[in-house]
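Written below as structure tokens is the structure these notes are about.
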Amino acid sequence: MAVEETLVLVKPDGVARKLSGEIIRRIEAKGYSVVDLRMVQPERSRLEQHYAEHQGKPFYEPLVAFMLEGPVVAIRVAGDRVIEGFRVLAGTTDPTLAAPGTIRGDFGRDWGLAVQQNLVHGSDSVESAQRELGLWFD
Ligand code: RTP
Ligand code: MG
1 MAVEETLVLV KPDGVARKLS GEIIRRIEAK GYSVVDLRMV QPERSRLEQH
51 YAEHQGKPFY EPLVAFMLEG PVVAIRVAGD RVIEGFRVLA GTTDPTLAAP
101 GTIRGDFGRD WGLAVQQNLV HGSDSVESAQ RELGLWFD
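Heads up: the sequence shown runs through residues 1 to 138, numbered per the UniProt record's numbering.
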């Protein structure tokens, strides 16, 4: 057993489309535990820290602008190998390419929307999870 914690964000598109409950349902159906949860209207500085690794990339500014469009739901999720496991539940970054059965594959929209509108974020390593959980939860 490798019990881990990860940060899941329901991004502004997921909140606006009222998919937060469905996303939490899938997390719990997989057997993971919701340990903490809050709705946040992030300020730019928090997003700059969250996405520090992407600064300078072409999609960075559109990504930050998109994340400022509305509230996000931040979820602390615990479970065995949950960091990797949630990313499998989410599906690959581009919703067009995400497999059916995944959150992005089932609900991600293809009609002219940018890749950043992909419903969820999940931490990608133990180090990222610790850093991101510290950023979104006190
Ligand atoms: P996330 O961090 O949100 O869980 O997603 P990820 O690991 O699958 O993707 P990552 O490479 O970390 O990128 C972070 C977010 O930036 C947006 N993105 N847009 N080419 C593009 O327009 C592009 N590439 C990435 C997505 O919102 C992605 O989730
Ligand atoms: Mg990432």
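From the three backbone atoms N, C-alpha and C, an ideal C-beta is built for every residue, glycine too.
Please say whether residue j and residue i have beta carbons closer to each other than 8 angstroms?
i, j, result
"Val72", "Val40", "yes"
"residue 154", "Val34", "Since the first residue shown for the chain is 1 and the last is 138, residue 154 is missing from the structure and cannot be characterised."
"Leu68", "Arg46", "no"
"Gly105", "Ala99", "yes"
"Val3", "Val120", "no"
"Leu135", "Gln49", "yes"
"Arg76", "Leu133", "yes"
"Gly31", "Gly79", "yes"
"Phe86", "Thr6", "yes"
Could you check what DSSP says for residue i in three-state terms: helix, strand or coil?
i, result
"Glu5", "strand"
Does the beta-carbon of residue i have 16 or more other beta-carbons within 10 angstroms, so that it is buried, or is it exposed?
i, result
"Gln117", "buried"
"Val15", "buried"
"Gly122", "buried"
"Ala90", "buried"
"Pro12", "buried"
"Thr93", "exposed"
"Phe59", "exposed"
"Ala52", "exposed"
"Ala114", "exposed"
Anything with a beta carbon under 7 angstroms from a heavy atom of the ligand MG counts; list them all in chain order.
His121, Asp124
Unbroken alpha helix (DSSP H) runs of length 4 or more, entirely within the UniProt domain "Nucleoside diphosphate kinase-like" (3 to 138): which are they?
12 to 16, 20 to 29, 44 to 50, 60 to 67, 82 to 90, 103 to 107, 126 to 136
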